[in-house]
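Quick note on my numbering: the sequence shown kicks off at 65 and runs consecutively. In what follows, a structure is listed as structure tokens, so that the remarks can point back to it.
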Amino acid sequence: MRVLVTGAAGFLGSHLVDKFLALDYDVLGIDNHITGTPANLGHLDSHPRFRFVNQDVTRYIEIEGPLDGVLHFASPASPVDYLELPIQTLKVGALGTHKALGLAMAKRAKFLLASTSEVYGDPLVHPQPESYWGNVNPVGPRGVYDEAKRFAEALTMAYHRFHHLDTRIVRIFNTYGPRMRPNDGRVVSNFIVQALRGEPLTVYGEGTQTRSFCYVDDLIEGIVRLFERGSSEPTNIGNPKEFTVQQLAERVLALTGSKSTIVRRPLPIDDPQVRQPDITHARRMLGWEPQVSLDDGLRRTIEYFRAVVAREVAEQA
Ligand code: UDP
Numbered sequence: 065m066r067v068l069v070t071g072a073a074g075f076l077g078s079h080l081v082d083k084f085l086a087l088d089y090d091v092l093g094i095d096n097h098i099t100g101t102p103a104n105l106g107h108l109d110s111h112p113r114f115r116f117v118n119q120d121v122t123r124y125i126e127i128e129g130p131l132d133g134v135l136h137f138a139s140p141a142s143p144v145d146y147l148e149l150p151i152q153t154l155k156v157g158a159l160g161t162h163k164a165l166g167l168a169m170a171k172r173a174k175f176l177l178a179s180t181s182e183v184y185g186d187p188l189v190h191p192q193p194e195s196y197w198g199n200v201n202p203v204g205p206r207g208v209y210d211e212a213k214r215f216a217e218a219l220t221m222a223y224h225r226f227h228h229l230d231t232r233i234v235r236i237f238n239t240y241g242p243r244m245r246p247n248d249g250r251v252v253s254n255f256i257v258q259a260l261r262g263e264p265l266t267v268y269g270e271g272t273q274t275r276s277f278c279y280v281d282d283l284i285e286g287i288v289r290l291f292e293r294g295s296s297e298p299t300n301i302g303n304p305k306e307f308t309v310q311q312l313a314e315r316v317l318a319l320t321g322s323k324s325t326i327v328r329r330p331l332p333i334d335d336p337q338v339r340q341p342d343i344t345h346a347r348r349m350l351g352w353e354p355q356v357s358l359d360d361g362l363r364r365t366i367e368y369f370r371a372v373v374a375r376e377v378a379e380q381a
């Protein structure tokens, strides 16, 4: 079995590559490193079943030989990234998804789209089941990501219905773990890096907004099960345990033992007030649910960032 992962050098892409290699697949990774990090795949340099292609997936993708699966993970995914890269974000969600679907068609391969809880926008239904159509501002700053992913879902379903392609759509909720970039801008990496550097933790708004944080290993397990034995309906994969951003800041301070303070910063425009996946569908179809608690996942992530921050300090010295 041979699969192609776009966005292979990213946080989730690189973990997905590792998982497929561990399951004995041959893996082809594509990335243009616009937000991906070459070091995330550095340990695979001489792996006999892994090959890397440096390419922008919005351009025609030419791959020799058979493929059994195409998993489309390429996209800026952090709010600060897609605000800085709005056109690239729209292009990879629209043109990149089109190219990846076209490749899957040509190879008669299974296709999996990495979609997002952002398709629900600032949700008026809580928790969010897959049947909820969302509350998205198409012209706000987050619209470039939300609408690109909504278009990508529509395109995936069109290929499924019109071309009978075997497709999957995973709606990924907030995920954290090793290999996030220290400057990624997302809340878990920001808070941990700030705590380890002894800088204030930046809570946006009142910190009463909620998110539900899934440890990366749990997420990857859910995605592989969906790929192998799921169906074409969109499927939420995430951890339903919900926390306020303030609570997260306090857990990070407690687990790092940091003396950092907490400061308030303005709430970004259209920042969703609540977010929690309804994972009934994934539980029933895949027998999947998250195993790693927030504290355990944070401990593992803190350990990773301790090494990253120590390296930075050593380089500056
Ligand atoms: N957030 C925060 N401080 C930060 C970064 C993010 O308070 O340094 C908040 C942000 O406003 C949002 C939540 O944390 O309410 C999650 O933000 P993130 O960028 O991780 O992802 P999102 O879920 O918004 O896509």
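Using N, Cα and C, we set each Cβ at its ideal position, and we do this for glycine too.
Query	Result
Beta-bridge partners of Pro-341, as assigned by DSSP	Gln-192
Lys-213 versus His-136 - alpha carbon distance	11 Å
Validate contact between the region 78-91 and the region 277-293 using beta carbons, cut 8 Å, 3 pairs	yes
Sequence-distant residues of the same chain with beta carbon closer than 6 Å to Ser-296, five excluded per side	His-224 and Thr-231
Of the residues Arg-123, Leu-105 and Glu-263, the one placed nearest Phe-116, counting alpha carbons only	Leu-105
Burial state of Ile-125, where buried means 16 or more other Cβ atoms lie within 10 Å	buried
Neighbourhood of Arg-172 by C-beta distance below 6 Å, restricted to the same chain and skipping five residues each side	none
Assigned secondary structure, His-162 (DSSP; H/G/I helix, E/B strand, else coil)	helix
Val-316 and Gln-273 closer than 8 Å at C-beta	no
Beta-carbon contacts of Tyr-209 that lie in its chain and below 7 Å, excluding the five residues immediately before and after	Tyr-146, Thr-153 and Glu-182
Where Pro-150 falls: helix, strand or coil (DSSP)	helix
Segment contact flag, the region 305-319 with the region 275-282, C-beta cutoff 8 Å, min 3 pairs	yes
Exposure label - Asp-282; buried when at least 16 CB within 10 Å	buried
Rounded distance between the beta-carbons of Leu-188 and Asn-199, thought under 8 Å	5 Å
Cβ shell of Val-280 (< 6 Å), same chain only, five flanking positions each side left out	His-79, Thr-239 and Gly-241
Identified DSSP bridge partners for Arg-123	According to DSSP, Arg-123 bridges with nothing at all.
Run of the alpha helix (DSSP H) containing Lys-213, from where it starts to where it stops	207-227
Gly-241 Cβ short of 7 Å to ligand 1 heavy atom set	no
Ser-276 (DSSP reduced to helix, strand or coil)	strand
Strand pairing of Arg-115, partner residues [DSSP]	Leu-92
Same chain, Cβ closer than 6 Å to Ala-313, five either side skipped, listed in chain order	Phe-255, Leu-265, Val-267 and Ile-326
Any non-hydrogen atom of ligand 1 within 7 Å of Asn-254 CB	yes
Arg-250 beta carbon near ligand 1 (any heavy atom closer than 7 Å)	yes
Counted within 10 angstroms of its Cβ, other Cβ atoms place His-107 as buried (16 or more) or exposed	exposed
Ligand 1 heavy atom lying under 7 Å from the CB of Leu-165	no
Beta-ladder partner(s) of Gly-185, from DSSP	Asn-199
Best match in Gly-271, Ala-378 and Ala-164 for proximity to Arg-329 [C-alpha to C-alpha]	Gly-271
Closest Cα partner of Ile-366 within the set Ala-318, Leu-350, Gln-380 and Ala-378	Ala-318
Start and end residues, alpha helix (DSSP H) containing Glu-376	358-380
Rounded separation between Ala-141 and Arg-66 - CA only	26 Å
Gly-271 CB to nearest heavy atom of ligand 1 below 7 Å	yes
Of the residues Pro-130, Ala-374, Gly-302 and Lys-155, the one placed nearest Val-356, counting alpha carbons only	Gly-302
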